[in-house]
Amino acid sequence: MGRGYMGRVLWVDLSSGDMTEEQIADTVYWDHLSGTGLAVHLLYSRIPAGADPLGPDNVLGFVSGLLTGTGSLFTGRWMVVGKSPLTGTWGDANCGGNLAPAIKQSGYDGIFFTGVSATPVYFFSDGNRSELRDAADLWGQDAVETEAELIRSVSGRRKPRVACIGPAGERLSLISGIVNDQGRLAARSGLGAVMGAKRLKAVVLAGARRAVPNDREAVKALSRRCNRHVQWQPKFLSGTMTAYMGALARWMPLQVETDGMLYKVMLRKWGTVAMNQMAIEMGDAPVKNWQGSNQDFGPEKSKLVDPDRITGRVKAKYFCHSCPLGCGGISAPIGPYPKPHKPEYESVIALGGLLLNEDPKSIYLMNERLNRAGMDTISAGGTVAFAIECFEKGVLTRSDTDGLELTWGNTNAIVALVDKMIRREGIGDLLADGAKQAAQRIRGGADRFAMHAGGQELGMHDGRFDPGYALHNVVEPTPGRHTIGSYMYYEMFGLWKVVPGLPDPDNVYLKGSKFTADAEKAEMGAACSCFVNVLNGAGGCLFGAFMGAERFPLFAWLNAATGWQRSPEDYMQIGARIQTLKQMFNLRHGIRPGRITMSDRALGRPPQTEGANEGRTVPIEMLKKGYWRQMGWDPETGVPTKETLQRLKIDVV
797 MGRGYMGRVL WVDLSSGDMT EEQIADTVYW DHLSGTGLAV HLLYSRIPAG ADPLGPDNVL
857 GFVSGLLTGT GSLFTGRWMV VGKSPLTGTW GDANCGGNLA PAIKQSGYDG IFFTGVSATP
917 VYFFSDGNRS ELRDAADLWG QDAVETEAEL IRSVSGRRKP RVACIGPAGE RLSLISGIVN
977 DQGRLAARSG LGAVMGAKRL KAVVLAGARR AVPNDREAVK ALSRRCNRHV QWQPKFLSGT
1037 MTAYMGALAR WMPLQVETDG MLYKVMLRKW GTVAMNQMAI EMGDAPVKNW QGSNQDFGPE
1097 KSKLVDPDRI TGRVKAKYFC HSCPLGCGGI SAPIGPYPKP HKPEYESVIA LGGLLLNEDP
1157 KSIYLMNERL NRAGMDTISA GGTVAFAIEC FEKGVLTRSD TDGLELTWGN TNAIVALVDK
1217 MIRREGIGDL LADGAKQAAQ RIRGGADRFA MHAGGQELGM HDGRFDPGYA LHNVVEPTPG
1277 RHTIGSYMYY EMFGLWKVVP GLPDPDNVYL KGSKFTADAE KAEMGAACSC FVNVLNGAGG
1337 CLFGAFMGAE RFPLFAWLNA ATGWQRSPED YMQIGARIQT LKQMFNLRHG IRPGRITMSD
1397 RALGRPPQTE GANEGRTVPI EMLKKGYWRQ MGWDPETGVP TKETLQRLKI DVV
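Structure, rendered in structure tokens:
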């Protein structure tokens, strides 16, 4: 009888071509699950302290979750891991698409690459044999072309699944990611550059092995119950009305606890673009490089990306593996691209409101070009916004920008600059490694305009609207992350309903109370980190988890798949272990937690004088100390205490 996981990983030495299978003890899964938990357990001691992220000592890993392939829903996420060249910290990136089950079908819970190949190669495995193959003819092709060519050329009984880099990764852009399923990106942490530095063009998997859960019928029963919540879909507002909902929320002095089923309804109707206008009006979406507000990009401008207009171009809904929701979409042709993926909320805001760009066609074009290049749309948009402000303030001139007039909303110049970044041409070469790196080279006070946390451009969620976003931007071992926690996330997760002792938020509360750094906020932040580590160890989707812990039975699925009889508290303890081990990874590589900071402007220093977030400042230092204390880390330094390491059974080296 199975336990859901495969029980082994593969190590591939790109320098020598040697491959070694490693059996993983059941106790490792018991303590760390799979996914990023298994990965950090393995890589903590195997990436040498101080290793160059773009050198042979770094390890690039592709991991699948413990629940992937077991019959559970929303568990088709795969993760790529390694030391981040963008931040110097633990790096991981999470992606949907179709690669996650293929990793396990090849017989492994993870495939890890060490060394550097002398020439471009791709890795192939069909579950019976694994080998490195020449990729010289693929080098230089974009990610969609590469995937299509590999699917055509690799013969076998099963259609292969492909993860690859585009030109951005090949050119070692520190904001490059790894692409699968014709444009779905594991975009953050700059791990596409690690793949490029290793001269690994692609990973191609065509195995047919099966993940066997302990109790398949119990897994199915839980999935049927979960799916009933997914399929519940009442009639909802028009896209235009979402802007007015956001405006109403802005004017109300009270905050209403967020039930994730509302967001699920919106996701199923529109996907993540449901939030395009609402987030701008509420103050959640940053505008004009975080210096603007809803007053700079109001409904008359943002209506061009209203949810109905975006989804009106969708020709087919897109579903990741094991997903019953289908928040993605394949859109109508745009320019030379026949089947572009619908741009997501993050991309629309980063390439739209953040730049005061009102041209929706340009957003589609840039989104597709960046996907094909394998460059993170969040970081690309954030870096372009940085460059525009540098130009506005006279830090960059036309002689620096190859003649581009980098002004707000200048669509032609914005598109041209993105293309230059992809090609690393002229000013684009300077910007292709992100805003922080560019600011260090430009100098002249340019760092004031680089909006990042620990070196990574900020996601399109404003901590001045929800301070929980700011907290997780700076306390996560991979900084600058918007997918871990916020106060709104905590409310949607509903963890207090299944985990005894966690805070139960008030149904209605004053907005100003969000900016109080009290013990309850610390508990909420730590709970988000621990829970999302469990989610990533299982291969789970954040959007499924947003439905709430009673409707998304993550802990029960894990017990059914493994045969364990563990409580929700036990799983949250695993999440704490994973989080603490990531923190210890950073410390081992010389990263002091207190030195991971976030741009003052994005914290409300000084506060804005108009708009949705007028007068707000995030008390980040107090929030950090409370979070560190709650995690069992020193509240002044962020270093895990000896007692915490002993309690979590973590051996340091």
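Throughout the sequence shown, residue numbering follows my numbering, covering 797 to 1449 in sequence. Backbone N, C-alpha and C define an ideal beta-carbon position, used for all residues, glycine too. Please read all numbers here as calculations on a predicted model, not as lab measurements.
Candidates the options, of which the one nearest residue i by Cα
i: LEU1151; options: GLN1375, TRP1204, SER1363; result: TRP1204
i: THR1068; options: ARG1220, LEU934, MET1256; result: MET1256
i: GLN1252; options: ASN1269, LYS1310, ALA1242, ARG1244; result: ASN1269
i: LYS994; options: PHE1289, ASP1300, LEU810; result: LEU810
i: GLY1250; options: GLY1088, LEU882, CYS1324, TYR1423; result: LEU882
i: ASP1314; options: ILE1218, GLY1344, ARG1237, TYR1423; result: TYR1423
i: ALA1017; options: SER1309, ARG1239, PRO1349, TRP826; result: PRO1349
i: VAL1328; options: THR1312, ALA1345, CYS1186; result: ALA1345
i: VAL1000; options: ASP814, ALA1183, ASP922; result: ASP922
i: TRP1028; options: PRO1009, ARG1064, SER1019, PHE919; result: ARG1064
i: VAL975; options: GLU966, ALA959, ALA964; result: ALA959
i: LYS1421; options: GLY1390, GLY1411, LYS1438; result: GLY1390
i: ARG744; options: SER812, ASP814, TYR825; result: A question about residue 744 goes unanswered here, because the residues of the chain that appear run from 797 up to 1449.
i: GLY903; options: TRP1292, GLU818, THR942; result: GLU818
i: PRO1364; options: GLY1297, GLY1308, GLY1340; result: GLY1297
i: GLY965; options: LEU1202, ARG954, GLY936; result: GLY936
i: GLY952; options: TYR1141, ASN924, ASN1010; result: ASN924
i: THR1440; options: MET1380, HIS1025, GLU1410; result: MET1380
i: ALA1228; options: LYS1189, LEU1166, VAL1191; result: LEU1166
i: LEU869; options: GLU1188, HIS1278, ARG1021, GLY1035; result: ARG1021
i: ASN1355; options: ARG1347, PHE1339, ALA1334; result: ALA1334
i: GLY1359; options: ARG984, ARG1012, ILE961, ARG957; result: ARG1012
Outcome for residue i when other beta-carbon atoms lying within 10 angstroms are tallied against a minimum of 16
i: ALA845; result: exposed
i: ASN1332; result: buried
i: LEU1058; result: exposed
i: ALA1231; result: buried
i: LYS1157; result: exposed
i: SER841; result: exposed
i: THR816; result: exposed
i: MET1048; result: exposed
i: VAL808; result: buried
i: SER860; result: buried
i: VAL1448; result: exposed
i: PRO1303; result: It is worth fixing the name first, because residue 1303 is Asn in this sequence and not Pro. Exposed, because fewer than 16 other Cβ atoms sit within 10 Å of the Cβ of ASN1303.
i: LYS1138; result: buried
i: THR1376; result: buried
i: LYS955; result: exposed
Cβ pair residue i, residue j closer than 8 angstroms
i: GLY803; j: PHE858; result: no
i: TYR1114; j: GLY1108; result: no
i: THR871; j: LYS900; result: no
i: PHE908; j: VAL805; result: yes
i: ILE1223; j: ASP1196; result: yes
i: SER1325; j: ILE1370; result: no
i: PHE1342; j: LYS1084; result: no
i: MET1217; j: ALA1176; result: yes
i: ALA1372; j: MET1320; result: no
i: ALA1408; j: MET1041; result: no
i: THR1413; j: ARG1401; result: yes
i: GLU1164; j: ILE1130; result: yes
i: GLY1170; j: SER880; result: no
i: ALA1234; j: LEU862; result: no
i: TRP886; j: LYS1307; result: no
Supposed contact pair residue j and residue i - C-beta distance, whole angstroms, cut 8 angstroms
i: THR866; j: ALA1007; result: 5 angstroms
i: ALA1039; j: MET1071; result: No, ALA1039 and MET1071 are not in contact; Cβ-Cβ is about 11 angstroms, not under 8 angstroms.
i: GLY1178; j: ALA1146; result: 6 angstroms
i: ILE1374; j: GLY833; result: 4 angstroms
i: SER1282; j: TYR1265; result: 5 angstroms
i: GLY1003; j: ALA898; result: 7 angstroms
i: MET1368; j: VAL1295; result: 6 angstroms
i: GLY986; j: LEU970; result: 4 angstroms
i: LEU981; j: CYS891; result: 6 angstroms
i: VAL1211; j: LEU1267; result: Actually they do not touch by this definition, with Cβ atoms about 35 angstroms apart.
Min CB distance residue i to chain B below 8 angstroms
i: GLY1205; result: In the structure shown, chain B does not exist; there is a single protein chain.
**Request:** Within the segment 1255-1305, note down every full alpha helix (DSSP H) run reaching 4 residues or more, in order along the chain.
**Result:** Taking only runs of at least 4 residues, the alpha helix (DSSP H) segments lying wholly in the segment 1255-1305 are 1263-1271, 1283-1289.
**Every unbroken beta strand (DSSP E) inside the segment 1048-1136 [3 residues or more]** = Those beta strand (DSSP E) runs which fall completely within the segment 1048-1136 and span 3+ residues are 1050-1052, 1110-1114, 1124-1127.
**Asked** Which ranges does the alpha helix (DSSP H) cover as unbroken runs of at least 4 residues, wholly within the segment 1300-1341, from first to last along the chain?
**Response** Listed in chain order, the complete alpha helix (DSSP H) runs (minimum 4 residues) inside the segment 1300-1341 are 1315-1334, 1338-1341.
**Asked** At what residue ranges does the segment 967-1053 contain a whole run of the beta strand (DSSP E), taking only runs of 3 or more?
**Response** Taking only runs of at least 3 residues, the beta strand (DSSP E) segments lying wholly in the segment 967-1053 are 974-976, 980-982, 996-1001, 1050-1052.
**Item:** Continuous alpha helix (DSSP H) assignments of at least 4 residues falling wholly in the segment 1366-1432
**Value:** Secondary structure remark: continuous alpha helix (DSSP H) runs of at least 4 residues inside the segment 1366-1432, in chain order: 1416-1427.
**Request:** Identify every run of the beta strand (DSSP E) within the segment 838-926, keeping only runs that are complete inside it and at least 3 residues long; order them along the chain.
**Result:** Correct list: 856-860, 874-879, 886-891, 906-910, 917-921.
**4 or more residues per run - each alpha helix (DSSP H) lying fully within the segment 1151-1200** = Entirely contained in the segment 1151-1200, the alpha helix (DSSP H) runs reaching 4 residues are, in chain order, 1156-1169, 1173-1188.
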